[in-house]
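Protein chains in written order, with this note's numbering: chain A, 1116 to 1355; chain B, 3 to 542.
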Amino acid sequence: MNKQGPRVLVVDDEPAIRRFLRASLCAHGYTVDEASSGEEALQVIPAVHPDVIILDLGLPDIGGREILSHLREWSQTPIIILSVQGEESEKIAALDAGADDYLTKPFATGELQARIRAVLRRADREESGPVFTTGDLTIDLSARTVRLGETEVKLTPTEYSLLKVLVTHAGKLLTHRQLAREVWGGAHYEDTQHLLRVNISNLRRKLEADTSRPRYIVTEPGAGYRLQVESSPDRASADA
Amino acid sequence: MLEQGNIRSGASASASVSYATQKEDGVQPQRSIADRVASLGRLPIKGQIWRSCLASSFLVALITLAGLRIAHIVGGPNLVILYMLAVVFSALRWGRGPALVSAVLSALLFDYFFVPPYRSVAVTDIWYSITLFSLLAVGFLVSILTASAREEARLARKREAHTAALYAFSESLADAGSLEQILEAIGRHIHDAFQRPLVLLLPERGGLAARFLSDVFILDESEKTAAAWVFENGQAAGAGSDMFPATRAYYLPMRTWRGTVGVLGLHSQGLTALLPADQQQLLGSFVNQAALAITRAQLATEARRAELLEETDKLQKALLNSISHDLRTPLASVTGTLNSLLEDAPLLDVSTQRELLETARDEAKRLDRLVRNLLDMSRLESNAVRLRTELCDVQDVVGTALAQLGEAADRRRIAVLASPQLPLVPMDSVLIVQVIVNLLENALKYSETDLPIEVEARVERDQLHLSVRDRGQGIPDEDLERVFDKFYRCVTPSVARGAGLGLAICKGFIEAHGGKIQVARRAQGGTEARFTLPTSRTDE
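In structure tokens:
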């Protein structure tokens, strides 16, 4: 990679975390900026124009969600949040408020890089073609066809629109609420919960070889679903 | 001394008698004891004496009438025997007064009708004077004797009633276990014995609090002040005494060797006079017994508290030892590995360096798991677990657990037996995923790598049954009961590494969902951990 790799802004109040993230990300060709507080982050962002922001949810000065809503008013920069166990509801709220993905501390740097690649790829794909491929799965959004290897898979209209939402955000974690909103519109979230589970289950039965070990549609417990992008080599250490 | 001894022996004798009658009756004669005690305080009413005197006079008149009829047969002077009988009967039946009346009347009537000269009170014969004098003397003597016998009997009855009341009191105190029951018994028995409203006050947070209060007893500020003074000074005061005479009740301190334990207030019911001396004494006995019983209950509570404290202390020490050991071990590995990499890097080949780094990472992961478990445990214990219940696909939940186990699960044969037709089950998926992960980790840890592991899920009678089965060496019977205890590790398989929190957390999470979890030995060897979850929402 060249010197002008993607710019990553790391916002965390722990110097040790910033130091190892800088080391690891620089080694992979990223340009790294740091902020140790929410205040500082909000000042730095307009100046450095980062491509990705890594934001710790537990900053001492401003709440992570507050920073998110500030930021989303004028910027669509991808944001990956870092949380610790026990902040589940805070984490979901941040995702619903526009964060692109999350990682629970402690995490492997490989996992972080996979997430960064995924969000960057999405930022690029706005102009990419209508055909999406991951593993054996091919989805042609213009022809509305889904193929598994050579065979075409028949989907119901709801299943297809659910898969389409997942594909257009491939690699990104989509919360239950976001999926429900995109597929069923403004309908009550409580009512669509059931539909969402059933349709995900049906999609898996049609697309996955082993439904209890899904390869494409992955569950983030308590948060939502993500369409796994096969090129990332980090599937095995997903729990790290 | 001698008197006291007598009272004691008499008391114990009558106590055993009254106990026997209670047994026979079957029903405790609570009321009658109370009535007897209460009636003893009263004096015989004046009208009753007059009526008795009248009755004895009537008896003497009857004898005179009868005597007039039979005088010619038996001889008038012999009738003195009948008059003597009347006097003795009056003394026995009605007491001293009526006996005296009948004696005097008998002498007069006998003299008038049957002693010559007839129809006159004059006595001419010296022998008749002696007869008349004897009649009077016998009358006086008999009346005095019977009266003292009656008084003896009355006192004995009173003593017996007091003893019976005290006995019943001490019996119910012995039956009462808690302080509340003891106070209730004290209040009830004293009320029954004295037929007066009362209050029992015990010290509480710097002041006195009424722990028993009769319905009609009004405990206002002046009453409280008097009670507080009695508690402070350990002396009786209140209505009828010199201190606080304006109060409605008489207050007695309840004292033991530990000092004043409380105050008893007995309502004066408008009568300014104190209780009669014997009732005072009875009240004193009641109060002493009450004080002892209260002290006994307080000592028992203190002993229990001390015991509990000691237990807790012991547990906490063990816990601290266990945790600090479990935290230090991985930390020591991480620190040691990193130090050796820093200091000896030039001496180590690349593959060794990598091996060391992997060790450090795995140990750090272990540390993370332990901290996570401790956090979950403390959240469970402080009831801070908030369920985020959603309808979940059971297969998906199992799959997520397998994904979280990562490589460890991929290396082993884990069969998932779950029908795709399973209904959605309400649960907090984050917690249930963790339960399944913990159960699977145990199965992986305690069975050989080539042996299969099964996860089965099915729904029966509104319950999701999920079981994780392995073919390991199984849990010894003596451990089955305790595997869900915190910090409990089976002794037998020495491979066990962990803080002994996994199953305790599983149990906590499952029970928070209203489900049950158990571990059993499989017939053909191995362990089956199984939990249930209700399939219908009950919490919202």
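Cβ atoms here follow ideal geometry from the backbone N, Cα and C, with glycine treated the same way.
#1: Grab the span of the alpha helix (DSSP H) containing Arg159/B for me, first residue to last.
#2: Helix, strand or coil: how does DSSP classify Thr1224/A here?
#3: Using a Cβ-Cβ cut-off of less than 8 Å, list which residues of the region 427 to 442 of chain B approach chain A; keep chain order.
#4: Any contact of the region 1145 to 1158 of chain A with the region 1189 to 1199 of chain A, i.e. 3+ C-beta pairs under 8 Å?
#5: Would you be able to state if there are at least three C-beta pairs under 8 Å between the region 1222 to 1234 of chain A and the region 1303 to 1319 of chain A?
#6: Do the region 398 to 410 of chain B and the region 370 to 380 of chain B touch if we need at least three Cβ pairs shorter than 8 Å?
#7: Are any of the Cβ atoms in chain A nearer than 8 Å to that of Gln397/B?
#8: Could you tell me the distance, in whole angstroms, from the CA atom of Arg473/B to the CA atom of Ala525/B?
#9: Can you confirm whether Asp1349/A, when its beta carbon is compared against all beta carbons of chain B, has any partner nearer than 8 Å?
#10: By the criterion of Cβ-Cβ separation under 8 Å, what are the contact partners of Gln1308/A in chain B?
#11: Can you tell me whether Gln397/B is buried or exposed, with buried defined as 16 or more other CB within 10 angstroms of its CB?
#12: With 8 Å as the threshold, decide whether the Cβ of Asp370/B is near any Cβ in chain A.
#13: Assuming Tyr252/B contacts Val265/B (C-beta within less than 8 Å), just tell me the rounded distance between them.
#14: Under 8 Å, CB to CB, which of the residues in the region 406 to 426 of chain B have a partner in chain A?
#15: If we ignore side chains and look at the alpha-carbon of each, how far apart do Arg33/B and Asp194/B end up?
#16: Closer than 7 Å: is that where the CB of Leu110/B sits relative to any heavy atom of the ligand GTP?
#17: Which residues in chain A sit within 7 Å of Thr402/B, going by Cβ to Cβ distance?
#18: Within 10 angstroms of the Cβ of Ala506/B, are there 16 or more other Cβ atoms? Answer buried if so, exposed if not.
#19: For the beta strand (DSSP E) that contains Tyr253/B, what are its first and last residues?
#20: Does the Cβ of Val82/B have 16 or more other Cβ atoms within 10 Å, making it buried, or fewer, making it exposed?
#21: Does any CB atom of chain B fall closer than 8 Å to the CB of Ala1353/A?
#22: Can you tell me whether DSSP reads Ser335/B as helix, strand or coil?
#23: Anyone know if the C-beta pair for Gly1286/A and Arg1237/A falls short of 8 Å?
#24: So, does the CB of Thr1205/A fall closer than 8 Å to a CB anywhere in chain B?
#25: Give every residue of the same chain whose Cβ lies closer than 6 Å to the Cβ of Ala124/B, excluding the five residues on either side of it in the sequence, and list them in chain order.
#26: Could you check what DSSP says for Ser469/B in three-state terms: helix, strand or coil?
#27: Rounding to the nearest angstrom, what Cα-Cα distance links Pro79/B and Phe60/B in this structure?
#28: Whole angstroms are fine: how far does the CA of Lys160/B sit from the CA of Leu185/B?
#29: Taking Gly510/B as the reference, give the member of Asp378/B, Arg363/B, Met245/B, Tyr169/B with the closest Cα.
#30: Using a cut-off of 8 Å between C-beta atoms, extract the partners of Ser1316/A located in chain B.
#31: Spell out the partners DSSP gives Thr429/B in its beta bridges.
#32: Who are the Cβ neighbours of Ala229/B in its own chain at under 7 Å, not counting the five residues just before and after it?
#33: For Thr537/B, count neighbouring C-beta atoms within 10 Å of its own C-beta (all shown protein chains included) and say buried if the count is 16 or more, exposed if not.
#34: Taking the beta strand (DSSP E) that Arg1269/A falls in, what are its first and last residues?
#35: List the residues of chain D that Thr1253/A touches, going by C-beta distances under 8 Å, in chain order.
#36: Rounded to whole angstroms, what's the CA-CA distance from Gln318/B to Arg532/B? Just pull it up for me.
This is what the structure holds:
#1: Within the second sequence, numbered from 1, the residue matching residue 159/B stands at position 157. Segment 128 to 177, the alpha helix (DSSP H) holding Arg159/B.
#2: Position 109 of the first sequence holds residue 1224/A. Thr1224/A: helix per DSSP, three-state reduction.
#3: The residues in question are Asp430, Ser431, Val432, Val435.
#4: Between the region 1145 to 1158 of chain A and the region 1189 to 1199 of chain A there are fewer than three C-beta pairs closer than 8 Å, too few to call the two in contact.
#5: Contact between the region 1303 to 1319 of chain A and the region 1222 to 1234 of chain A is absent, with fewer than three C-beta pairs closer than 8 Å.
#6: No, they do not touch.
#7: As a position in the second sequence, residue 397/B is number 395, starting the count at 1. Yes, Gln397/B lies at the interface with chain A (some Cβ there is under 8 Å from its Cβ).
#8: What you label residue 473/B is simply residue 471 of the second sequence in a count that begins at 1. What you label residue 525/B is simply residue 523 of the second sequence in a count that begins at 1. If you take the alpha carbons of Arg473/B and Ala525/B, they lie about 10 Å apart.
#9: Mapped onto the first sequence, residue 1349/A falls at position 234. Reliability of the predicted coordinates at Asp1349/A is poor, the pLDDT of 39 falling under 50, and the value obtained from them is presented with this limitation in mind. It does not; no Cβ of chain B falls within 8 Å.
#10: On the first sequence, position 193 is the one that residue 1308/A refers to. Close to Gln1308/A, with beta-carbon spacing below 8 Å, are these residues of chain B in chain order: Glu392, Leu393.
#11: Along the second sequence, one-based indexing puts residue 397/B at 395. Classification of Gln397/B: buried, given that the 10 Å Cβ count is 16 or more.
#12: Start at 1 with the first residue of the second sequence, and residue 370/B comes out as number 368. Yes, Asp370/B counts as interfacial toward chain A.
#13: Against the second sequence, residue 252/B aligns to sequence position 250. Against the second sequence, residue 265/B aligns to sequence position 263. So it is not a contact: roughly 11 Å between Cβ atoms.
#14: Going along the region 406 to 426 of chain B in chain order, one finds Gln406, Leu407, Gly408, Glu409, Asp412, Val418, Ala420, Pro422, Leu426 with a Cβ nearer than 8 Å to chain A.
#15: For the purposes of this step, residue 33/B is taken as residue 31 along the second sequence, with counting starting at 1. For the purposes of this step, residue 194/B is taken as residue 192 along the second sequence, with counting starting at 1. Residue confidence is low: Arg33/B scores 46 on pLDDT, short of 50, so the model does not pin down where it sits. Its coordinate-derived value is still stated next. If you take the alpha carbons of Arg33/B and Asp194/B, they lie about 7 Å apart.
#16: No copy of the ligand GTP appears in this structure; indeed no ligand is present at all.
#17: Position 400 of the second sequence, counted from the first residue, corresponds to residue 402/B. Neighbours of Thr402/B on chain A, chain order: Thr1334, Pro1336.
#18: As a position in the second sequence, residue 506/B is number 504, starting the count at 1. Its Cβ being crowded by 16 or more others within 10 Å, Ala506/B is buried.
#19: The residue you call residue 253/B lines up with position 251 of the second sequence. 251 to 258 is the span of the beta strand (DSSP E), which, as asked, contains Tyr253/B.
#20: Residue mapping note: residue 82/B aligns to position 80 of the second sequence, counting from 1. In summary, Val82/B is buried, with 16 or more beta-carbon neighbours lying within 10 Å of its beta-carbon over all protein chains present.
#21: By one-based count along the first sequence, residue 1353/A stands at place 238. Low confidence applies here, because Ala1353/A scores a pLDDT of 38, under 50, leaving its location unreliable; read the following figure in that light. Chain B, which has a Cβ nearer than 8 Å to the Cβ of Ala1353/A, makes this yes.
#22: Position 333 of the second sequence holds residue 335/B. Of the three classes helix, strand and coil, the one that applies to Ser335/B here is helix, per DSSP.
#23: The sequence position of residue 1286/A within the first sequence is 171, counting from 1. The sequence position of residue 1237/A within the first sequence is 122, counting from 1. At a Cβ-Cβ threshold of 8 Å, Gly1286/A and Arg1237/A count as neighbours.
#24: Counting from 1 along the first sequence, the entry for residue 1205/A is found at position 90. Inspection of the sequence shows that residue 1205/A is occupied by Glu rather than by Thr. No, its Cβ sits nowhere closer than 8 Å to a Cβ of chain B.
#25: The sequence position of residue 124/B within the second sequence is 122, counting from 1. If we look at Ala124/B and ignore the five residues flanking it on each side, it has no Cβ neighbours.
#26: Position 467 of the second sequence, counted from the first residue, corresponds to residue 469/B. Ser469/B: strand per DSSP, three-state reduction.
#27: Within the second sequence, the letter at position 77 stands for residue 79/B. Within the second sequence, the letter at position 58 stands for residue 60/B. Roughly 21 Å separates the two Cα atoms.
#28: For the purposes of this step, residue 185/B is taken as residue 183 along the second sequence, with counting starting at 1. For the purposes of this step, residue 160/B is taken as residue 158 along the second sequence, with counting starting at 1. Between Leu185/B and Lys160/B, the C-alpha separation is close to 26 Å.
#29: Start at 1 with the first residue of the second sequence, and residue 510/B comes out as number 508. It is Asp378/B whose Cα lies nearest to the Cα of Gly510/B.
#30: Position 201 of the first sequence, counted from the first residue, corresponds to residue 1316/A. Under the 8 Å cutoff, chain B gives Asp395, Gln397, Asp398, Pro422.
#31: Here residue 429/B is taken as the residue at index 427 of the second sequence, counted from 1. At residue 429/B the sequence reads Met, which differs from the Thr that was named. As a beta-bridge residue in DSSP terms, Met429/B pairs with Glu392/B.
#32: Position 227 of the second sequence, counted from the start, is the residue given in the question as residue 229/B. Result list for Ala229/B: Leu203, Leu210, Tyr253, Val265, Gly267, in chain order.
#33: Along the second sequence, read from residue 1 onward, the residue named residue 537/B stands at position 535. Result: buried.
#34: Counting from one through the first sequence, the residue named residue 1269/A turns up at place 154. Inspection of the sequence shows that residue 1269/A is occupied by Lys rather than by Arg. Bounds of any beta strand (DSSP E) do not take in Lys1269/A, whose DSSP letter is neither H nor E.
#35: Here the protein chains are A and B, and chain D is not one of them.
#36: Taking the second sequence and counting its residues from 1, one reaches residue 318/B at position 316. Taking the second sequence and counting its residues from 1, one reaches residue 532/B at position 530. In a straight line, the C-alpha of Gln318/B is about 30 Å away from that of Arg532/B.
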